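The sequence shown begins at 1 in the UniProt record's numbering and counts up one residue at a time.
Here is the structure we will look at.
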Amino acid sequence: MELRLQLGGIDISGPRDIHVDANNTSLTIQLKHSGSLMTLMETHSLFDRIKSAETIWYLDDDQLVINLKKQDPELKWPDIVESWESLTAGSMQLLRGTSIYIVGDSTEINQKVAKELAVGLGYTPLETTELLETFAKQTIDSWVLAEGHDAIAEAEGVLLESLSSHVRAVVATLGGQQGAARRADKWQHLYAGFTVWLSTTDATDEDSAKKEARRHVEDGSLGYANADVVVKLQDKKSLYIRLGCRGDWPNIKPPGWDPSTADDSITSPDTL
Numbered sequence: 001m002e003l004r005l006q007l008g009g010i011d012i013s014g015p016r017d018i019h020v021d022a023n024n025t026s027l028t029i030q031l032k033h034s035g036s037l038m039t040l041m042e043t044h045s046l047f048d049r050i051k052s053a054e055t056i057w058y059l060d061d062d063q064l065v066i067n068l069k070k071q072d073p074e075l076k077w078p079d080i081v082e083s084w085e086s087l088t089a090g091s092m093q094l095l096r097g098t099s100i101y102i103v104g105d106s107t108e109i110n111q112k113v114a115k116e117l118a119v120g121l122g123y124t125p126l127e128t129t130e131l132l133e134t135f136a137k138q139t140i141d142s143w144v145l146a147e148g149h150d151a152i153a154e155a156e157g158v159l160l161e162s163l164s165s166h167v168r169a170v171v172a173t174l175g176g177q178q179g180a181a182r183r184a185d186k187w188q189h190l191y192a193g194f195t196v197w198l199s200t201t202d203a204t205d206e207d208s209a210k211k212e213a214r215r216h217v218e219d220g221s222l223g224y225a226n227a228d229v230v231v232k233l234q235d236k237k238s239l240y241i242r243l244g245c246r247g248d249w250p251n252i253k254p255p256g257w258d259p260s261t262a263d264d265s266i267t268s269p270d271t272l
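Following this line, the structure appears as structure tokens:
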């Protein structure tokens, strides 16, 4: 669907003066004029649910042109389905071999997702559980009983440091209290690749799941706050800056660094 708005004699210095917010069935168009925002259009009842990420707009002489694409109504979780299709189609070129770390409270879920993701990307699936048990010649459960959760987390941290030099791998990490991701000083090794936080939810639709994830981020949960990917977040850039990122890569901090006490006044470079 294409929407054209006549701007008439409104003085516009450039695209930066225009703000278009398209979300599901709502659309808001605002124009910065004389130092304030003027609403040109606002509706919460579009013709159908749209693909927010694929909304395109541009200026054509004295008209604002907005192209909207609607979602497939048969898809229960459209963003996830379409993101997976895009991932398998072109993300290998974008990732350039960068490894992915799957983090979450459930070791089993981490492993299952890592396997599926590895198949889609043509990567090697790795499980820290299997690697640790092979090294220690005992199960994680028996290891926990013998030495406690902290010992497992330390061992996984050493393993993640070793894996940080690997490429084209999807690494499923340990969930629960024994997971290294529970410790702030272990995340420096996860920053060698992209981290994806997984969480179980009782949400029955995609919008509810997004709201739940956003709430966890705002609450400051360690895994949610540190992960590169949870869901689509508008303030992701400021989160990256707070975590010490530089461009597409983070500035690796020394052991013991806690992101929750990092200086929020970090100035991002032009490349961010």
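By construction, the Cβ of each residue, glycine as well, lies at the ideal position given by its N, Cα and C atoms.
Computed from a predicted model, the values in this text were never measured in an experiment.
Using DSSP with H/G/I as helix, E/B as strand and the rest coil, what is H189? DSSP places H189 within a helical segment (H, G or I) once states are collapsed to three.
Excluding the five sequence neighbours on either side, which residues of its own chain have a C-beta within less than 6 Å of the C-beta of E186, listed in chain order? Note on identity: in this sequence residue 186 is Lys, with Glu being the wrong assignment. Taken in chain order, the residues that qualify are G157, A180.
Which one or two residues does DSSP pair with M1 in a beta bridge? Beta-bridge pairing links M1 to no other residue.
Taking 8 Å as the limit between beta carbons, can you name the residues of its chain near Y207, skipping five residues before and five after? According to the sequence as given, residue 207 is Asp; it is not Tyr. Within the same chain, D207 has close Cβ partners N24.
Could you check which residue in Q6, I109, L27, E127 has the C-alpha nearest to that of S45? Taking only the C-alpha atoms, the option nearest S45 is L27.
Those residues which DSSP pairs with Q6 across a bridge: Looking at the DSSP assignment, Q6 forms a beta bridge with Q63.
V170 vs A114 beta-carbon contact at 7 Å: Contact annotation: V170 and A114 have beta-carbon atoms nearer than 7 Å.
What residue does the alpha helix (DSSP H) around L145 start on, and which one ends it? In the DSSP assignment, L145 falls within the unbroken alpha helix (DSSP H) covering 140-147.
Counted within 10 angstroms of its Cβ, other Cβ atoms place I66 as buried (16 or more) or exposed: The residue in question, I66, is buried, as its Cβ has 16 or more Cβ neighbours within 10 Å.
For I29 versus M38, is the C-beta distance shorter than 7 Å? No.
Suppose you measure from the CA of A146 to the CA of Q178; what does that come to, to the nearest Å? Near 13 Å, if we compare the C-alpha coordinates of Q178 and A146.
Cut-off 6 Å between Cβ atoms - residues of its own chain near T43, not counting five sequence neighbours on either side: Contacts found: L27.
Write down the C-beta distance between V167 and G122 rounded to the nearest angstrom, noting that I regard them as a contact closer than 8 Å. In fact, because the Cβ distance is near 12 Å, the residues do not count as touching under 8 Å.
Own chain, CB closer than 6 Å to D21, minus 5 neighbours either side, in chain order: Within the same chain, D21 has close Cβ partners T28.
So, is V119 buried or exposed, given that buried needs 16 or more other C-beta atoms within 10 angstroms? With a threshold of 16 other beta carbon atoms within 10 Å, V119 falls short and is exposed.
Three-state secondary structure (DSSP) of K237: Note that K237 has pLDDT 42, beneath the 50 cutoff, so the model's placement of it is unreliable and the number below is only indicative. Correct three-state label for K237: helix.
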